[in-house]
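Visitor: Residue numbers (my numbering): 540 to 776.
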Ligand SMILES: [Zn+2]
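1) Given that a residue counts as buried once 16 or more other Cβ atoms are within 10 Å of its Cβ, and exposed if not, what is residue 723?
2) Can at least three beta-carbon pairs, one atom from the region 583 to 590 and one from the region 653 to 669, be found at a separation below 8 Å?
3) Does the distance between the C-beta of residue 766 and the nearest non-hydrogen atom of ligand 1 fall short of 7 Å?
4) Is the beta carbon of residue 551 sitting closer than 8 Å to the one on residue 713?
5) Which stretch, first to last residue, makes up the alpha helix (DSSP H) that contains residue 770?
6) Is it a yes or a no for the region 679 to 694 touching the region 618 to 637, going by three-plus beta-carbon pairs under 8 Å?
7) Pair every Cβ in the region 694 to 709 with every Cβ in the region 590 to 610, then say whether three or more of these pairs are closer than 8 Å.
8) I'd like to check one pair, residue 718 with residue 767: are the Cβ atoms closer than 8 Å?
9) How should residue 756 be labelled, buried or exposed, when 16 other C-beta atoms within 10 angstroms of its C-beta is the threshold for buried?
10) Can you say whether residue 761 is buried or exposed, counting buried as having 16 or more other CB atoms within 10 angstroms of its CB?
11) List the residues that DSSP assigns as beta-bridge partners of residue 736.
12) Buried or exposed for residue 554, going by 16 or more other Cβ atoms inside 10 Å?
13) Rounded to the nearest angstrom, what separates residue 647 and residue 670 at their Cα positions?
14) Assuming residue 740 and residue 771 form a contact by the criterion Cβ under 8 Å, report the distance between their Cβ atoms to the nearest whole angstrom.
15) Would residue 546 and residue 701 qualify as a contact pair, given that the criterion is a beta-carbon distance under 8 Å?
16) Any idea which residues DSSP pairs residue 763 with across the strands?
17) Whole angstroms are fine: how far does the CA of residue 674 sit from the CA of residue 783?
18) Run through DSSP, which three-state label would residue 623 get?
19) What is the rounded straight-line gap between the Cα of residue 540 and the Cα of residue 773?
20) Nearest to residue 649 by alpha carbon, out of 594, 601 and 698?
21) Around the Cβ of residue 738, are there at least 16 other Cβ atoms within 10 angstroms (buried) or fewer (exposed)?
22) Whole angstroms is fine: what's the gap from residue 640's alpha carbon to residue 651's?
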């Protein structure tokens, strides 16, 4: 019996390595967070780009309007000072027109100055967003690369471990013992068997009764920890 239990214990060591490698693969999620961060940074950059483009378009529009107002005003002034207008009504309406154009020009000048400032600020924001996006992109690429390498390495390790498991399995002829082990392992979520170390179960650290110890020394049947139910191995010669 003890030889079978020892073989099972060897199998368990492999199973634990398999569990560890599998959970390591599952925990390789750092790049996911960085990918999300990159998407958010990219979105912020697009928004900053659009804001800048909108301000720049408005600047161009203001400048065009100013140019056309300037021309109009010049034309009115030319006519006014040329003496071509003699009708007092027309004279006063031309003067009014010039005043209106002046007022409009003033408004546009003010807005244009405001916009120059806004364009500068928007440019700074684009620059900052670009830097953040680049930094996060580099981090994400690095993380993806690391995860891919690590995953490949662990998967290779798993292939080897599964081969080893097959070999260990072939040493266990007591198939009933094997299925008991599998069931306990499934139930405990970790190990299916435990050694007795210093009179205690290695799995739950509760003391094993002397009755069970005696049975284990006799080695006539499978004994289980009364507390956690794991199959016990008393590793003595
Ligand atoms: Zn136990």
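We treat Cβ as the ideally placed atom computed from N, Cα and C, and that holds for glycine.
Guide: Per the coordinate set shown:
1) It is buried - the Cβ of residue 723 has at least 16 other Cβ atoms within 10 Å.
2) yes
3) yes
4) no
5) From DSSP, residue 770 is part of no alpha helix (DSSP H) but of the beta strand (DSSP E) over 770 to 772.
6) no
7) no
8) no
9) exposed
10) buried
11) 739
12) buried
13) 34 Å
14) Rounded, the Cβ-Cβ distance is 7 Å, consistent with contact.
15) Not closer than 8 Å, so no.
16) Note: residue 763 is bridge-paired with 770 in the DSSP secondary-structure output.
17) Lying outside 540 to 776, the shown extent of the chain, residue 783 is not represented and no answer is given.
18) coil
19) Going by C-alpha positions, residue 540 is about 11 Å away from residue 773.
20) The candidate whose alpha carbon is nearest that of residue 649 is 601.
21) exposed
22) 16 Å
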